[in-house]
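Everything below concerns the one structure shown next.
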Amino acid sequence: MERPRLALHWKILIGMVLGAAVGFAVNTFAPEMWGPLGVRDSAAYMAHRVSDANADAKPVAWVMRFVAELTQFVGDLFLRCLRFIAVPIVLFSLIFAVANLGDPRKLGRMGGKTIVLFLFTGFVSAALGVTIASVFAPGEGMSAEVRENLPGAGLAQAEQAEVSAAAISGWKMALDAVTTNPFNSIANGQMLQIVVMSIVIGLGLTMIPKEKARPAIEVCESFAEAVLRLVQLLMHAAPYAVFALMAGIVGSFGVGVFVALAKYCLVVVGGLAIILFVIYPTLTTLLTRRGNKVGWRRFFRATAPAQVVAFSSSSSAATLPVTMECARDRLGASEDVASFVCSLGVSFNMDGTAMYQAVVVTFLAQLYGVDLSFADKLLVTIMAASLSIGVPGIPGGSLVVMAVVLDSIGVPTQGIAIILAVDRVLDMCRTVVNVSGDTMGCAIIAASEGKLKTEAEVARMGEA
Ligand code: ASP
Numbered sequence: 123m124e125r126p127r128l129a130l131h132w133k134i135l136i137g138m139v140l141g142a143a144v145g146f147a148v149n150t151f152a153p154e155m156w157g158p159l160g161v162r163d164s165a166a167y168m169a170h171r172v173s174d175a176n177a178d179a180k181p182v183a184w185v186m187r188f189v190a191e192l193t194q195f196v197g198d199l200f201l202r203c204l205r206f207i208a209v210p211i212v213l214f215s216l217i218f219a220v221a222n223l224g225d226p227r228k229l230g231r232m233g234g235k236t237i238v239l240f241l242f243t244g245f246v247s248a249a250l251g252v253t254i255a256s257v258f259a260p261g262e263g264m265s266a267e268v269r270e271n272l273p274g275a276g277l278a279q280a281e282q283a284e285v286s287a288a289a290i291s292g293w294k295m296a297l298d299a300v301t302t303n304p305f306n307s308i309a310n311g312q313m314l315q316i317v318v319m320s321i322v323i324g325l326g327l328t329m330i331p332k333e334k335a336r337p338a339i340e341v342c343e344s345f346a347e348a349v350l351r352l353v354q355l356l357m358h359a360a361p362y363a364v365f366a367l368m369a370g371i372v373g374s375f376g377v378g379v380f381v382a383l384a385k386y387c388l389v390v391v392g393g394l395a396i397i398l399f400v401i402y403p404t405l406t407t408l409l410t411r412r413g414n415k416v417g418w419r420r421f422f423r424a425t426a427p428a429q430v431v432a433f434s435s436s437s438s439a440a441t442l443p444v445t446m447e448c449a450r451d452r453l454g455a456s457e458d459v460a461s462f463v464c465s466l467g468v469s470f471n472m473d474g475t476a477m478y479q480a481v482v483v484t485f486l487a488q489l490y491g492v493d494l495s496f497a498d499k500l501l502v503t504i505m506a507a508s509l510s511i512g513v514p515g516i517p518g519g520s521l522v523v524m525a526v527v528l529d530s531i532g533v534p535t536q537g538i539a540i541i542l543a544v545d546r547v548l549d550m551c552r553t554v555v556n557v558s559g560d561t562m563g564c565a566i567i568a569a570s571e572g573k574l575k576t577e578a579e580v581a582r583m584g585e586a
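Numbering-wise, the sequence shown is residues 123 to 586 according to the working numbering.
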């Protein structure tokens, strides 16, 4: 009898849990583990500086180093492959999606709906962040001693963010979205610029005679198909890569630092959970049609692989190819809707980030004793929602933009140093929300355009 095959998302989840367990064990027992092996300075050993102290290093220590380096290699290789795909996938699939619509008015309708939806969820998420941070007040009642001892190891990075803050303004961000040199944008992976230029090129193709446009559209279609196929293949490696990434993250960060900032972390995670488990499924249930509803179960089944990759990579740009695949092959959105909405979403739709920024600003204001009036809170909401649009979908992308929001209400930007210590793990969580927002958008836009396959059709497609 053939053994039933485990679904991919379960395999990835198992990889994640095992990786976290291994990382936790290494982080907790590492010093004790190396000692009996004859290696007194494991850090130096790992850094290839095998000093005299390690001259008697045992083969077991060598094996441990090999395993640690191998897991790092596997994780990094996977992320590199995904990043390699991110630029071509946006470029080709967005040009194809826009040009294939044929009629600029159709694009206007779909684009308009998508942007309104994204702005709405961004605003709601930021307002949620300000509200729960005000209600639970994680920054109040912390003793001066605890405050001083908060991990501020990232001061240099905070200062850097402070410097960049001066360079960011609404006008500049809008201007920067338009590239002066498309090749430059591609070479530097400037996602917002690539999105805008692909839409413009696609629009150009709809304005010339069909027979002239066809060759270019077909080339884009072929490339878009090919890269998506590569993603499907790559996903077979995802469980192992996720294992390696999680082992590395938990191994190096440990859990100690979360205790001091526990309330703050709980508020962030709670807010993200409300968006993910309440707001998104409610919106998809309300805004898809009877007979072909995207309820809770369908939404999470379809999005799970992208969520796990987002969690372990902290990068919605790197996860984009997987998000697109999930929207198309697991959720059942048509190719053009999936390409269009996900590509747009990677820079326009960052609800997790918007909520996070709102919580951080409110938390730091409480910590520094800055009183926020209702008008201030409204300003924070608007700024967090609109600035989340410019956040690059990379690990720690929020930090640079955060300084602008802090500046606007007079909270010292150095405060960023306090939250840096726990930022990575919260980053993993908000990236999950960011990519889930894109599949939520695909479900709603595809349903409204009559381009959402039913669950039965998706299942048949999977068997074929
Ligand atoms: N890491 C997030 C993302 O890629 C961005 C952020 O820092 O909020 O979606």
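Even for Gly, the Cβ is constructed at its ideal location relative to N, Cα and C.
Every value quoted in this text rests on a predicted model; they were computed, and no experiment measured them.
Extent of the continuous alpha helix (DSSP H) run through residue 301: Taking the first residue of the sequence shown as position 1, residue 301 is located at position 179. Neither: residue 301 is in no alpha helix (DSSP H) and is coded neither H nor E.
Assign residue 576 to buried or exposed, taking buried as 16 or more other Cβ atoms, counted over all protein chains shown, within 10 Å of its Cβ. Against the sequence shown, residue 576 aligns to sequence position 454. The residue in question, residue 576, is exposed, as its Cβ has fewer than 16 Cβ neighbours within 10 Å.
Classify residue 238 as buried or exposed, calling it buried when 16 or more other Cβ atoms lie within 10 Å of its own Cβ. Counting from 1 along the sequence shown, the entry for residue 238 is found at position 116. Exposed, since its Cβ has fewer than 16 Cβ neighbours within 10 Å.
Is it true that the segment 217-234 meets the segment 312-331, where meeting means three or more beta-carbon pairs spaced less than 8 Å apart? The count of Cβ pairs closer than 8 Å, one atom from the segment 217-234 and one from the segment 312-331, reaches three, so the stretches are in contact.
Would you give the residue range spanned by the alpha helix (DSSP H) that residue 315 belongs to? Stepping through the sequence shown from its first residue, residue 315 is reached at position 193. Residue 315 -> alpha helix (DSSP H) spans 313-328.
Under a Cβ-count criterion, where at least 16 other Cβ atoms within 10 Å of its own Cβ denotes burial, should residue 583 be classed as buried or exposed? The residue given as residue 583 occupies position 461 in the sequence shown. Exposed, by the Cβ-count rule.
Return helix, strand or coil for residue 395, following the three-state DSSP convention. Taking the sequence shown and counting its residues from 1, one reaches residue 395 at position 273. Reduced to three states, the DSSP call for residue 395 is helix.
State the DSSP-derived secondary structure class of residue 455, mapped to helix, strand or coil. Stepping through the sequence shown from its first residue, residue 455 is reached at position 333. In the structure shown, residue 455 sits in a strand (DSSP, three-state: E or B).
Would the beta-carbon of residue 473 be found less than 6 Å away from any heavy atom of the ligand ASP? For this step, residue 473 is matched to residue 351 along the sequence shown. Checking the Cβ of residue 473 against the ligand ASP gives no.
If we count Cβ pairs, one from each stretch, closer than 8 Å, do we get three or more for the segment 131-147 versus the segment 356-374? The way I'd put it, the segment 131-147 does touch the segment 356-374; three or more beta-carbon pairs between them come closer than 8 Å.
Whole-angstrom distance between residue 553 and residue 398, CA atom to CA atom: Residue 398 sits at position 276 when you count from the first residue of the sequence shown. Residue 553 sits at position 431 when you count from the first residue of the sequence shown. Here the alpha carbons of residue 553 and residue 398 stand approximately 11 Å from one another.
Inspect the CB distances between the segment 423-431 and the segment 515-524 and report whether three or more fall short of 8 Å. The segment 423-431, when compared against the segment 515-524, does not touch it at the 8 Å Cβ threshold.
For the ligand ASP, any of its heavy atoms closer than 6 Å to the Cβ of residue 443? By one-based count along the sequence shown, residue 443 stands at place 321. No, the Cβ of residue 443 stays beyond 6 Å of every heavy atom of the ligand ASP.
Sequence-distant residues of the same chain with beta carbon closer than 7 Å to residue 466, five excluded per side: The residue given as residue 466 occupies position 344 in the sequence shown. Same-chain partners within the cutoff: 236, 317.
Across the segment 408-424 and the segment 336-346, are there enough close Cβ pairs to call them in contact, namely three or more that are closer than 8 Å? Two segments are said to touch when three or more pairs of C-beta atoms, one from each, lie closer than 8 Å; by this definition the segment 408-424 does not touch the segment 336-346.
Check residue 383 in the structure and name its three-state DSSP category. Here residue 383 corresponds to residue number 261 of the sequence shown, with the count starting at 1. Shown here, residue 383 sits in coil according to DSSP, grouped into three states, outside any helix or strand.
With 16 as the cutoff for other CB atoms within 10 Å, does residue 181 come out buried or exposed? Counting from one through the sequence shown, the residue named residue 181 turns up at place 59. By the neighbour-count definition (other C-beta atoms within 10 Å, threshold 16), residue 181 is an exposed residue.
Distance, residue 191 Cα to residue 226 Cα: Numbered from its first residue, the sequence shown carries residue 226 at position 104. Numbered from its first residue, the sequence shown carries residue 191 at position 69. Using only the alpha carbons, I get a separation of about 51 Å.
Take the Cβ of residue 457 as the centre, count every other Cβ of all protein chains shown within 10 Å, and call the residue buried at 16 or more, exposed below. As a working mapping, residue 457 is identified with position 335 in the sequence shown. Classified as buried, residue 457 has 16 or more neighbouring CB atoms from the shown chains inside 10 Å of its CB.
Mind checking whether residue 439 and residue 313 have CB atoms under 7 Å apart? Start at 1 with the first residue of the sequence shown, and residue 439 comes out as number 317. Start at 1 with the first residue of the sequence shown, and residue 313 comes out as number 191. Cβ distance < 7 Å, so residue 439 and residue 313 count as in contact.
Work out the CA separation of residue 534 and residue 141 for me, nearest whole Å. For the purposes of this step, residue 141 is taken as residue 19 along the sequence shown, with counting starting at 1. For the purposes of this step, residue 534 is taken as residue 412 along the sequence shown, with counting starting at 1. Rounded to the nearest whole angstrom, the CA to CA distance from residue 141 to residue 534 is 37 Å.
In whole angstroms, what separates the C-alpha of residue 258 from that of residue 144? Translated into the one-based positions of the sequence shown, residue 258 becomes position 136. Translated into the one-based positions of the sequence shown, residue 144 becomes position 22. Within the model, the alpha-carbon separation for residue 258 versus residue 144 is close to 34 Å.
Meets three-Cβ-pair contact criterion under 8 Å: the segment 340-352 and the segment 210-220: With the cut-off at 8 Å, the segment 340-352 and the segment 210-220 touch.
C-alpha distance - residue 493 paired with residue 468, whole-angstrom precision: Within the sequence shown, the letter at position 371 stands for residue 493. Within the sequence shown, the letter at position 346 stands for residue 468. About 34 Å.
Buried or exposed for residue 556, going by 16 or more other Cβ atoms inside 10 Å? Along the sequence shown, read from residue 1 onward, the residue named residue 556 stands at position 434. Classification for residue 556: buried.
I need the DSSP call for residue 466, collapsed to helix, strand or coil. Taking the first residue of the sequence shown as position 1, residue 466 is located at position 344. Helix at residue 466.
Determine the burial state of residue 447: buried for a count of at least 16 other Cβ atoms within 10 Å of its Cβ, exposed for fewer. Translated into positions along the sequence shown, residue 447 becomes position 325. Residue 447 is buried by the Cβ-count criterion.
Simplified DSSP state of residue 128, which is helix, strand or coil: Translated into positions along the sequence shown, residue 128 becomes position 6. Here residue 128 sits in coil by DSSP.
Using only CA atoms, which one of 496, 474, 309 lies nearest to residue 89? Absent from the structure is residue 89, since the part of the chain shown begins at 123 and ends at 586.
Please list the segments of the alpha helix (DSSP H) lying wholly inside the segment 196-222, counting only runs of 4 or more residues, in order along the chain. Restricting attention to alpha helix (DSSP H) runs no shorter than 4 residues, the segment 196-222 encloses none.
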